[in-house]
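J.: Before I ask anything, let me first share the structure, which is written out below as structure tokens.
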Amino acid sequence: MKKLISIIVLLYLSANAFAQLQRVKNLTTFDDRKLHFGFTIAINTLDFSMEHYRPIGNNKDFIYKDWQNEDGHEITAEDTVYADIAQPVPGLTVGIVSNLRLGEYFDLRFLPGLSFGERRLVYNVPVYDINSVSSDPLEFYSIKSTYIDLPLLVKYKSSRLNNQRPYLIAGPAMRIDISKTGKEDLVRVKRSGFYFEAGVGWDSYLPFFRLSTELKVSLGLGNMLNDGPDDTQRQYYTSAIKKLTSNVFTLSFHFE
6 MKKLISIIVL LYLSANAFAQ LQRVKNLTTF DDRKLHFGFT IAINTLDFSM
56 EHYRPIGNNK DFIYKDWQNE DGHEITAEDT VYADIAQPVP GLTVGIVSNL
106 RLGEYFDLRF LPGLSFGERR LVYNVPVYDI NSVSSDPLEF YSIKSTYIDL
156 PLLVKYKSSR LNNQRPYLIA GPAMRIDISK TGKEDLVRVK RSGFYFEAGV
206 GWDSYLPFFR LSTELKVSLG LGNMLNDGPD DTQRQYYTSA IKKLTSNVFT
256 LSFHFE
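Given below as structure tokens:
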């Protein structure tokens, strides 16, 4: 009996000591700072949401021309041409964190950054591009983008649990594409656009810095489709698209 009591007391003292250790907090005054900075490293994937003219002749700007595919089929106003994203392509984002404390549970965050990404469009018809080194049809058409990201977000934090603190984030953003484009590109997108961003994250308070892991979606708010290519290219790859909106999914690691 004495041995059992001794074991219970020992387990109680061990559990109590462990609980005391768990309650030791790192960076106890970190959230009291009015303003602080950091940097971000993130993985992104770029996506498009598309609406099409079905058939392509529903687009009043479609101009018929004798475009023949390798099987001899001509693309006419009665045909339906549509595109889709082939597969997600991982991209890279780097940025700066600027955080303004608004209150115990709210922060205002400005997160300017630079994002590199790619979208690959596959069509239900062969893809011919005069810029290709080969005259054979392409497996997909690649649209590469380099964005300047300018998000301004509100962060809502829960109460801190030891060294952890989950949060929600939302707000507007603007993106400017600075990648090189040409009038002969098969599908051209506008250089800038506005987005609504929302996400969830988890703050981890480490001994020397705070690490925030964040998953965020950015939904484009306008039609990003630009004018079609010049007459050297086939027009129907762009003419088939009625509306094109840009979406971005980002997994971020903030070091503050």
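With our numbering applied, the sequence shown corresponds to residues 6 to 261, in that order.
We put the beta carbon where it would ideally sit given N, CA and C, even for glycine.
#1: Grouping DSSP H, G and I as helix and E and B as strand, with all else coil, what is S103?
#2: Which residues in the same chain as L230 place their Cβ atom closer than 6 Å to its Cβ, once the five residues preceding and following it in sequence are excluded?
#3: For N49, write down the residues that DSSP places opposite it in a beta bridge.
#4: Spatial neighbours of P117 within its chain, please: CB distance less than 7 Å, with the 5 preceding and 5 following residues excluded, ordered by chain position.
#5: When the distance is taken between beta carbons, is L226 closer than 8 Å to Y200?
#6: Under the rule that 16 or more other beta-carbon atoms within 10 Å means buried, what is L191, buried or exposed?
#7: Cβ atoms of T98 and A47: under 8 Å apart, would you say?
#8: Could you name the residues of the same chain whose beta carbon sits closer than 6 Å to that of Y128, not counting the 5 residues immediately before and after it, in chain order?
#9: According to the Cβ coordinates, are L51 and S147 closer than 8 Å?
#10: Tell me which same chain residues have a C-beta within less than 8 Å of the C-beta of T237, skipping the five on either side of it?
#11: By DSSP, does T218 sit in helix, in strand, or in coil?
#12: Name, in chain order, the residues that DSSP records as bridge partners for A91.
#13: Based on Cα-Cα distance, which residue from E261, L211, S251 lies nearest to I90?
#14: In this structure, does DSSP put T34 in helix, strand or coil?
#15: Note down, one range per segment and in chain order, each alpha helix (DSSP H) of at least 4 residues found wholly within the region 111-150.
#16: Which residues bound the beta strand (DSSP E) around S209?
#17: To which residues of the same chain is T81 closer than 7 Å at the C-beta, ignoring the five residues directly before and after it?
#18: In the DSSP assignment, find the alpha helix (DSSP H) that holds Y242 and state where it starts and stops.
#19: Could you please give the first and the last residue of the uninterrupted beta strand (DSSP E) stretch that includes A175?
#20: Below 8 Å on the Cβ atoms is my guess for S103 versus F44; work out the distance and round it to an integer in Å.
#21: Just how far apart, CA to CA, sit Q92 and D37?
#22: Can you give the beta carbon distance from F258 to T218, rounded, assuming they're within the 8 Å contact cut?
#23: By Cβ distance, which residues of its chain are closer than 8 Å to Y184, with the 5 residues on each side in sequence left out?
T.: From the atom records:
#1: In this structure, S103 counts as strand in the three-state DSSP scheme.
#2: I246, L249
#3: Under DSSP, the beta-bridge partners assigned to N49 are G96, T255.
#4: G100, I101, D154, L155
#5: yes
#6: Around the Cβ of L191, a 10 Å sphere holds 16 or more other Cβ atoms; the residue is buried.
#7: yes
#8: A88
#9: no
#10: I135, E189
#11: strand
#12: Looking at the DSSP assignment, A91 forms no beta bridge with any residue, so it has no partner.
#13: S251
#14: The three-state secondary structure of T34, taken from DSSP, is coil.
#15: none
#16: Where S209 is concerned, the enclosing beta strand (DSSP E) stretches over 197-210.
#17: Around T81: Y69.
#18: 241-244
#19: 169-182
#20: Actually they are not in contact, since the Cβ atoms of S103 and F44 sit about 11 Å apart, beyond 8 Å.
#21: Answer to the nearest angstrom: the Cα atoms are 44 Å apart.
#22: Rounded, the Cβ-Cβ distance is 6 Å, consistent with contact.
#23: According to the sequence as given, residue 184 is Ser; it is not Tyr. Only K149, S150, T151 meet the Cβ criterion.
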